[in-house]
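Chemist: Going by our numbering, the letters in the sequence shown line up with residues 517 to 585, in that order. The structure under discussion is supplied below as structure tokens; questions concerning it will follow.
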Amino acid sequence: MPSIRILFGIRVRKLRQALGISQEELAFSSNLHRTYISDIERGMRNVSLDNIYKIAVALDISPKDLFDF
517 MPSIRILFGI RVRKLRQALG ISQEELAFSS NLHRTYISDI ERGMRNVSLD
567 NIYKIAVALD ISPKDLFDF
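Next up, the structure:
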């Protein structure tokens, strides 16, 4: 089974693409760097609770929905 980082990254990418926005747009909306979003989507980052919340707000979802994998 893939790691939680990989699963989380896949979920972020899926939700971002469903909204039709780029990594750069998500980064801007969440006040994070584009390369950080890229690293998250590739499962390379251990994301903090603060940044999970920022991403959820930018995607207009509840933070718990990021873990629906």
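For every residue, glycine included, the Cβ atom is placed at its ideal position computed from N, Cα and C.
#1: Can you tell me the Cα-Cα spacing of residue 577 and residue 569, whole angstroms?
#2: How is the alpha helix (DSSP H) around residue 566 delimited, first residue to last?
#3: Below 6 Å CB to CB, which residues in the same chain sit around residue 533 once its five sequence neighbours on both sides are set aside?
#4: If I'm right that residue 521 touches residue 584 with Cβ under 8 Å, what's the distance once you round it to whole angstroms?
#5: Find out if the Cβ-Cβ distance for the pair residue 557, residue 525 is shorter than 8 Å.
Modeler: With the structure as the only source:
#1: 9 Å
#2: 565 to 575
#3: none
#4: No, residue 521 and residue 584 are not in contact; Cβ-Cβ is about 16 Å, not under 8 Å.
#5: yes
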